[in-house]
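Step one of this worksheet: look at the structure below.
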Amino acid sequence: MRILEHLYRLFSHDKSRIKHLEVVTTTSTSNTVMHGAQKLQLRTHIWPELDALLSKSSTQFDLGILASFGQLLPKRLIESFPLGIINVHPMEIKSVVCQLWTSAPNSDFDIGPILSRQSFPLQSNITMFDLLKISADVGCSLLDTILEDPAKARGNAQQQALTGITYAHKLNKYSFYIDWHNHTVDDIDRLYRALNQIGNLRTLFRQKPVRLKLLTIIHDGTVLSKLNSMSTQPGTAVYDKSLECICIRCKDGWIGFRKLVYQKSMYARDFQNGYLSKMDRLMFDSMHNPIFDHIHSRRVPA
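If you count by full-length UniProt numbering, then the sequence shown holds residues 1 to 302, one letter each, in order.
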């Protein structure tokens with residue numbers, strides 16, 4: 001949505017660069033681009049019904065701009081833009097690199113010369129939404145430069161390297177589960193920061209899913225000493241009154257959650273009173289999480 005808002009500002013205030021602007025998006029009820037385009041009163045085309053956009057009688061566009069679209073574009077759509085389609089694409093290679101690529105041919109995603117790129121450092125505790133905001137701002141800045149002279153940018157484009165390519169995992173419901181025997185504190189923290197704003201992390205109790213909320217990294221030495229003195233297995237849950245959280249044993253330590261959803265939403269104290277206090281030892285079950293499979297060197301089937 002930030003890319004669209006930025007393009008709209010250019011369209012509203014700088015007709016020398018953008019004379020006409022329309023939007024292509026999907027009909028998802030949670031689609032902020034759809035709602036934003038309606039608010040900005042921009043003509044909107046619903047994917048994949050593009051006959052009006054491709055009609056010879058319609059406005060002839062010079063350039064397409066793609067951002068987090070997630071659909072494979074047909075060749076006839078790509079070829080309808082004399083200057084091609086620019087893909088504003090964040091990529092992680094040690095630090096995050098925000099690249100602008102010309103769009104892919106119809107056989108693959110993200111193939112094409114790189115028009116511009118910029119690296120930026122990451123804070124150690126950054127969340128997925130924070131990263132999206134930062135990379136969108138960087139993408140807007142790169143777009144400004146490219147739109148000054150798109151033909152020049154294409155002329156200076158560099159081909160992508162064919163080595164060192166990595167592929168992201170496709171999310172599914174198992175991506176949110178914790179494997180207490182194999183996930184470290186750092187693994188769980190990174191998983192939480194990456195996914196919590198789109199869905200809660202999960203575990204299993206009595207073969208039923210438990211959603212875990214309000215993660216707490218345990219720094220208190222006294223609490224850690226007490227927890228580590230127990231003879232426990234990964235998945236063991238203990239309530240700590242001072243932190244007001246359920247502490248759960250993982251591969252290399254303990255991690256806390258201050259709220260859980262099991263049949264109903266409850267704070268850690270309520271889970272303690274309703275379940276933990278009535279059992280000698282409560283164990284959460286591990287569930288394999290495919291995100292941690294090392295398959296970044298090949299494509300994952302859609």
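Note that beta-carbon positions come from the ideal geometry of N, C-alpha and C, so glycine has one too.
Three or more beta-carbon pairs drawn from the stretch 277 to 292 and the stretch 232 to 240 are found closer than 8 Å, and the two stretches are therefore classed as touching.
In the displayed model, ASN273 falls within a helix according to three-state DSSP. Look at LYS133 here: in three-state DSSP terms it is helix. Collapsing the DSSP output to three states places ALA153 in a helix. Excluding residues up to 5 positions away in sequence, ILE178, VAL210, PHE284 lie with their Cβ nearer than 6 Å to the Cβ of THR203 in the same chain.
When the five nearest sequence neighbours on each side are left out, the beta carbons in the same chain lying within less than 7 Å of the beta carbon of TYR192 are those of LEU201, LEU215, in order along the chain. The distance from the Cβ of ILE86 to that of ILE18 is about 13 Å, inconsistent with a contact at the 8 Å cut-off. It is roughly 8 Å from the alpha-carbon of THR26 to the alpha-carbon of PRO48. In the DSSP annotation of this structure, the continuous segment of the alpha helix (DSSP H) that includes ILE3 starts and ends at 2 to 13. In its chain, beyond the 5 residues on either side, ILE3, VAL88 have a beta carbon closer than 6 Å to the beta carbon of ALA67.
In the DSSP assignment, LYS39 falls within the alpha helix (DSSP H) that extends over 32 to 39. By DSSP's assignment, VAL261 forms a beta bridge with ARG211, SER265. In the DSSP assignment, PHE205 is bridged to LYS208. Looking at the DSSP output, TRP254 shares a beta bridge with ARG249.
An exposed status is given to GLN41, since fewer than 16 other beta-carbon atoms sit within 10 Å of its beta-carbon.
Per DSSP, the unbroken beta strand (DSSP E) holding TYR239 starts and ends at 236 to 240. Per DSSP, reduced to three states, the secondary structure at THR26 is coil, with no helix or strand assignment. In this structure ASP187 is buried. Its beta-carbon is surrounded by 16 or more other beta-carbon atoms within 10 angstroms. Less than 8 Å separates the beta-carbon of GLU22 from that of HIS45. Rounded to whole angstroms, the gap between the alpha carbons of ASN182 and THR222 is 25 Å. As computed with DSSP, TYR177 is found in a beta bridge with ARG202. Here SER116 carries a strand assignment [DSSP, helix/strand/coil]. Checking the DSSP bridge columns, you'll see ILE218 has no partner listed. Nearest Cα to LYS170 within the set LYS15, PRO290, VAL24, MET34: PRO290.
Here the alpha carbons of LYS39 and ASP240 stand approximately 48 Å from one another.
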